[in-house]
Amino acid sequence: MTSPTADVPSTRSAPPAREPRAVHRADLDGLRGLAIALVVVFHIWFGRVSGGVDVFLVLSGFFFTTMVLRRAESGAVSAVASRTARRLYPAMVVVLAAVGLWTVARLPFTTWDETTRQIVATLAQVQNWELAATASDYAAADASVSPLQHLWSMSVQVQFYVVVTLLVAGIVAAARRVGRPDAVRPLLIAALAVASLLSFVHAAHLGTVRQGWAYYDTTARFWELGVGALAGLLIGRVAISGRVRAVLGAVGLPVLCFGGFVLDGAALFPGPWASVPVGAALAVIAAGTDPAAPTSVTAALQSRPLLFLGSIAYPLYLWHWPILIAVLGAGGTVTPLTGALIVAASVGLAVVTRNLVERRVTAGSRVVGRAVVVGFAVLALTATTWQGYLQRTTGPTDSTLDARLYPGAAALTDGADVPDAPMRPTVLDAAMDLPQSTLDGCIADMTQREVITCTYGDPDADRTLALAGGSHAEHWLPALDEIGRARGVAVVTYLKMGCPLDIGEPLLLEGNPYPDCRDWSEDVLTRLADERPDWVVTTSTRPSPTEFGDVTPTAYTDVWGRLEAAGLSVIGIRDTPWLSVDGVPYRAADCLADGGDAESCGLPRAEVLAEVDPAADASAPFPGVVPVDFSDAVCRADRCRVVEGNVLIYHDSHHLSVSYVRSLVPVVDRTVGDVTRWW
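Mapping the sequence shown onto UniProt numbering, position 644 (from 1) lands on 644, and the numbers just tick up by one.
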């Protein structure tokens with residue numbers, strides 16, 4: 001979670017005698033309440049990132065750093081870890097347990113892998129890196145989104161806590177060693193200022209090349225917590241006139257409330273635009289530095305509704321997202337009424353969690369404390385056991401499936417008989433039925449800028465096919481590799497995840513700009529022009545963004561023009577259908593595991609494929625481009641099913657399984673031979 005957990009000093013329990021007493025600021029309790037209200041409202045009704053999380057990060061840095069400094073100066077820094085754990089884990093364990101039970105009760109067992117991985121990552125406070133590695137998008141919620149995705153920010157917070165605790169302890173120890181305790185605060189301020197500046201520069205750069213990763217990157221987020229920490233160390237030591245405080249509050253509060261309507265945080269934060277909510281939060285904090293002379297803004301923040309929300313900010317943050325995802329997963333939609341019910345349920349569970357768990361742990365209840373420890377252990381053991389089971393029992397499907405039992409595509413193309421046999425790959429094995437290039441590291445991921453090439457088929461052959469583009473070009477590699485080895489053709493790969501060859505405007509990946517794709521594509525085109533393969537194989541269509549069927553984007557024809565100008569011939573393979581309902585993708589294996597069958601888990605052909613291959617007309621101006629269409633080897637005349645010839649067609653929601661592509665070898669072989677005239 002983020003800083004709904006910030007250690008706000010409370011007047012309910014006095015600090016140890018040897019620590020200086022912190023002044024309690026009720027207006028900052030209200031600011032926490034406002035921030036959580038923004039997070040919940042924008043998530044539920046607007047599908048946007050409001051900047052509320054950024055406020056929490058500022059508050060977290062503000063309170064935690066000063067608290068650690070007080071404890072370090074009084075010799076009690078060792079208690080920081082246990083206190084932080086008591087603050088964070090009780091409510092979190094309750095919510096993780098609820099999500100785990102809901103997953104087992106309501107979701108197909110093929111989805112348990114993701115949930116258990118994220119439970120382990122959350123308990124270990126590395127959830128942000130798990131999400132960054134899987135390129136999860138934290139914008140509008142839908143039924144395909146993880147119910148634990150929001151916990152990335154708790155991991156960022158805890159990682160900051162560890163760094164700052166070590167930094168403060170080191171500076172205090174060094175200052176004592178040289179007899180300069182007065183140097184602790186200046187040194188800490190200088191270190192945080194430098195680290196925050198470097199983090200800001202890093203965030204600004206990373207956001208331009210890989211925004212999806214930057215959103216979860218701790219080093220890119222550090223500056224938001226760092227400036228909060230600097231504010232905690234400086235505000236209160238600098239006199240601010242009442243008029244200036246009034247102006248700061250009057251400007252900062254509206255920016256906080258309405259900035260989310262103007263700025264798309266998922267696409268812009270934590271880059272420079274995040275300075276808007278961060279700066280607004282600092283302005284509001286500065287506005288309340290004189291409790292004896294409150295401004296109208298600080299008085300408003302101390303209203304009972306905001307103070308109430310501030311008191312349940314952490315558990316409310318924990319609960320609202322999984323409840324929203326559960327409603328969407330059950331087929332619900334967010335209307336004013338259902339949204340209000342989600343909020344009511346979230347608030348109710350937050351109050352119960354605060355009263356029955358958080359406060360009892362804080363009060364020293366051994367029963368509740370032991371229950372939390374047991375819950376933590378059970379969650380960790382259960383999640384790791386399931387992960388271990390999957391690692392032992394799942395893997396790639398046997399590459400020598402008996403064609404008599406598993407005709408696959410031949411059932412469509414040749415009318416082959418389909419005997420009664422268990423489907424392959426199984427629903428648990430499907431996710432591992434991946435092209436060899438993925439297993440070999442021969443496809444650049446979304447953070448890699450360099451062009452990676454590998455050679456398959458017959459490496460010593462004189463004839464060469466260059467397979468170039470994204471993962472939808474890659475999933476044809478198993479067939480081309482087998483054909484290349486049999487026919488004496490080298491297959492050289494130029495692949496990057498999520499990046500078909502595209503030299504137009506920056507591609508949008510999960511709603512975020514993906515400029516690396518354009519730059520990578522330019523490099524690939526240059527390499528192809530220099531290396532001169534006999535044919536370039538790539539995709540020629542993709543799903544229409546606005547209507548049923550598929551289209552050939554102008555960006556693709558621009559690439560064809562460049563390849564033709566370089567004297568290169570192109571085989572453009574029509575894209576295969578993507579599985580989704582109302583824009584929400586679903587995995588074939590999940591649908592089958594949930595009781596569906598090959599027919600019901602598929603889609604009408606007219607919804608996913610245009611009646612005629614769009615590339616046929618689009619390629620007409622380019623004599624060197626030959627469009628090919630394998631749709632009849634994947635779909636029936638009226639429906640694109642998810643299983644044919646006892647073989648699962650997809651390993652996820654839109655990539656062909658290796659097993660099915662191997663069954664396509666005869667039809668791909670005939671087509672490549674006809675196009676190239678090599679056999």
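Glycine included, each C-beta is placed from N, C-alpha and C at the ideal position.
Only a predicted model underlies this, so the values are computations on that prediction, with no experimental measurement involved.
Grouping DSSP H, G and I as helix and E and B as strand, with all else coil, what is R662?
-> Residue numbering aside, residue 662 sits at position 662 when the sequence shown is read from its first letter. Three-state DSSP puts R662 in a helix.
Per DSSP, the bridge partner or partners of A490 = Here residue 490 refers to the residue found at position 490 of the sequence shown. G457 and T464, per the DSSP bridge assignment.
Report all residues from its chain with a CB closer than 6 angstroms to the CB of residue 681; omit the five preceding and five following residues, and keep chain order.
-> Because the chain here runs from 1 to 679, residue 681 falls outside it and cannot be looked at.
Identify, in the order they occur along the chain, each residue of the same chain with its Cβ nearer than 7 angstroms to the Cβ of R360, setting aside the five sequence neighbours on each side.
-> In the sequence shown, counting from the first residue as 1, residue 360 sits at position 360. So the qualifying residues of the chain are V368.
Would you tell me roughly how many angstroms separate the C-alpha atoms of V40 and L31, rounded to the nearest one?
-> Residue 40 sits at position 40 when you count from the first residue of the sequence shown. Residue 31 sits at position 31 when you count from the first residue of the sequence shown. C-alpha separation (whole angstroms): 14 angstroms.
Evaluate A47 with the Cβ neighbour count: other Cβ atoms within 10 Å of its Cβ, from every protein chain shown; 16 or more gives buried, anything less gives exposed.
-> In the sequence shown, the residue the question calls residue 47 occupies position 47. Here residue 47 turns out to be Gly, not Ala, going by the sequence shown. When all chains shown are included, G47 counts as exposed.
Please state whether DSSP places S60 in a helix, a strand or coil.
-> Counting from 1 along the sequence shown, the entry for residue 60 is found at position 60. Correct three-state label for S60: helix.
Contacting residues, own chain, Cβ-Cβ under 6 angstroms from residue 682 (five flanking each side not counted) | The question about residue 682 has no answer, for the chain in this structure spans 1 to 679.
What number of angstroms, rounded off, separates the C-alpha of V156 from the C-alpha of V172?
-> As a first step, residue 156 must be located in the sequence shown, where it is residue number 156. As a first step, residue 172 must be located in the sequence shown, where it is residue number 172. So the two alpha carbons sit approximately 24 angstroms from each other.
Which full runs of the alpha helix (DSSP H) of 4+ residues lie inside the segment 115-159, going along the chain?
-> 127-133
Whole-Å CB distance - R210 paired with T455, under 8 angstroms assumed = The residue labelled residue 210 in the question sits at position 210 within the sequence shown. The residue labelled residue 455 in the question sits at position 455 within the sequence shown. Actually they do not touch by this definition, with Cβ atoms about 28 angstroms apart.
Cα-Cα separation, A490 to W679 = The residue given as residue 490 occupies position 490 in the sequence shown. The residue given as residue 679 occupies position 679 in the sequence shown. Going from the Cα of A490 to the Cα of W679 covers about 15 angstroms.
Integer Cβ distance of A593 from T110, believed to fall under 8 angstroms = Here residue 593 is taken as the residue at index 593 of the sequence shown, counted from 1. Here residue 110 is taken as the residue at index 110 of the sequence shown, counted from 1. Sure, about 4 angstroms apart at Cβ, within 8 angstroms.
Work out the CA separation of L349 and L316 for me, nearest whole Å.
-> Your numbering for residue 316 matches position 316 in the sequence shown. Your numbering for residue 349 matches position 349 in the sequence shown. Straight-line Cα distance between these residues: approximately 8 angstroms.
Same chain only: Cβ atoms within 7 angstroms of A231, ignoring 5 sequence neighbours per side = Mapped onto the sequence shown, residue 231 falls at position 231. Counting only Cβ-Cβ distances below 7 angstroms, and skipping sequence neighbours, we find F62, L282 and I285.
Measure the alpha-carbon distance for Y138 versus L263 and round it to whole angstroms.
-> Residue mapping note: residue 138 aligns to position 138 of the sequence shown, counting from 1. Residue mapping note: residue 263 aligns to position 263 of the sequence shown, counting from 1. At Y138 the pLDDT is 49, less than 50, meaning the model places this residue with poor confidence and gives no usable figure here.
Complete runs of the alpha helix (DSSP H) confined to the segment 306-362 [at least 4 residues] | 313-329, 336-353 and 359-362
Since I believe E644 is in contact with A409 (beta carbons under 8 angstroms), could you give me their beta-carbon distance rounded to a whole number of angstroms?
-> Sequence index remark: in the sequence shown, residue 409 carries index 409 (1-based). Sequence index remark: in the sequence shown, residue 644 carries index 644 (1-based). Going by Cβ atoms, the distance from A409 to E644 rounds to 6 angstroms, so yes, they are a contact pair.
For F222, which residues of its own chain have a beta-carbon under 7 angstroms away from its beta-carbon, when the five flanking residues on both sides are left out?
-> By 1-based counting over the sequence shown, the position of residue 222 is 222. These residues qualify, in order along the chain: F160, A195, S196 and S199.
Nearest-angstrom Cα separation, counted from V77 out to T84 | Counting from 1 along the sequence shown, the entry for residue 84 is found at position 84. Counting from 1 along the sequence shown, the entry for residue 77 is found at position 77. Looking at the two C-alpha atoms, the distance is approximately 12 angstroms.
Which ranges would you report for the alpha helix (DSSP H) in the segment 181-242 if only whole runs of at least 4 residues count?
-> 184-209, 211-214 and 218-234
Return yes when the Cβ of S540 is within less than 8 angstroms of the Cβ of R574, no when it is not.
-> Numbered from its first residue, the sequence shown carries residue 574 at position 574. Numbered from its first residue, the sequence shown carries residue 540 at position 540. In this structure, S540 lies closer than 8 angstroms to R574 by Cβ.
Sorted by chain position, which residues of the same chain lie with C-beta nearer than 6 angstroms to A35's C-beta, five sequence neighbours on each side aside?
-> Along the sequence shown, read from residue 1 onward, the residue named residue 35 stands at position 35. Cβ within range, chain order: G52, V55 and F56.
At what residues does the beta strand (DSSP E) containing V77 begin and finish?
-> Indexing the sequence shown from 1 puts residue 77 at position 77. It is not in any beta strand (DSSP E) - V77 carries neither H nor E in the DSSP assignment.
For the putative contact between T320 and H43, defined by C-beta atoms under 8 angstroms, what is the C-beta separation to the nearest angstrom?
-> Start at 1 with the first residue of the sequence shown, and residue 320 comes out as number 320. Start at 1 with the first residue of the sequence shown, and residue 43 comes out as number 43. The question names Thr, but residue 320 in the sequence shown is His. Between H43 and H320 the Cβ distance is about 7 angstroms, and since that is below 8 angstroms, they are a contact.
Contact set for V49: own chain, Cβ-Cβ below 6 angstroms, skip 5 residues either direction | On the sequence shown, position 49 is the one that residue 49 refers to. These residues qualify, in order along the chain: G265 and A266.
Go ahead and label R71 buried or exposed: buried means 16 or more other beta carbons lie within 10 angstroms of its beta carbon, across all protein chains shown.
-> Residue numbering aside, residue 71 sits at position 71 when the sequence shown is read from its first letter. Flag for R71 reads buried.
Can the beta-carbon of R605 be found less than 8 angstroms from the beta-carbon of C635?
-> Counted from its first residue, the sequence shown places residue 605 at position 605. Counted from its first residue, the sequence shown places residue 635 at position 635. Cβ atoms of R605 and C635: closer than 8 angstroms.
With 16 other Cβ atoms within 10 Å as the buried cut-off, status of E358 | Within the sequence shown, numbered from 1, the residue matching residue 358 stands at position 358. When all chains shown are included, E358 counts as buried.
Where V257 and R354 are concerned, what is the direct C-alpha to C-alpha distance, given to the nearest angstrom?
-> Position 257 of the sequence shown holds residue 257. Position 354 of the sequence shown holds residue 354. For the record, residue 257 in the displayed sequence is Cys; it is not Val. Rounded to whole angstroms, C257 to R354 spans 26 angstroms at the Cα level.
What residue does the beta strand (DSSP E) around V23 start on, and which one ends it?
-> For the purposes of this step, residue 23 is taken as residue 23 along the sequence shown, with counting starting at 1. It is not in any beta strand (DSSP E) - V23 carries neither H nor E in the DSSP assignment.
Which same chain residues, not among the five before or five after V251, have their C-beta less than 7 angstroms away from its C-beta?
-> Working through the sequence shown from its first residue, we reach residue 251 at position 251. These residues qualify, in order along the chain: A283.
What does R542 pair with, by DSSP beta-bridge criteria?
-> As a working note, residue 542 is residue 542 in the sequence shown. DSSP lists V551 as partners of R542.
Which two residues bound the contiguous beta strand (DSSP E) that contains V570?
-> Position 570 of the sequence shown, counted from the start, is the residue given in the question as residue 570. Unbroken beta strand (DSSP E) run through V570: S569 to I573.
Nearest-angstrom Cβ-Cβ length linking V249 and D29, presumed shorter than 8 angstroms = What you label residue 249 is simply residue 249 of the sequence shown in a count that begins at 1. What you label residue 29 is simply residue 29 of the sequence shown in a count that begins at 1. Just to set this straight, residue 249 is Gly in the shown sequence, not Val. No, G249 and D29 are not in contact; Cβ-Cβ is about 16 angstroms, not under 8 angstroms.
So L188 packs on L233, CB below 8 angstroms; how close in whole Å?
-> What you label residue 188 is simply residue 188 of the sequence shown in a count that begins at 1. What you label residue 233 is simply residue 233 of the sequence shown in a count that begins at 1. Between L233 and L188 the Cβ distance is about 7 angstroms, and since that is below 8 angstroms, they are a contact.
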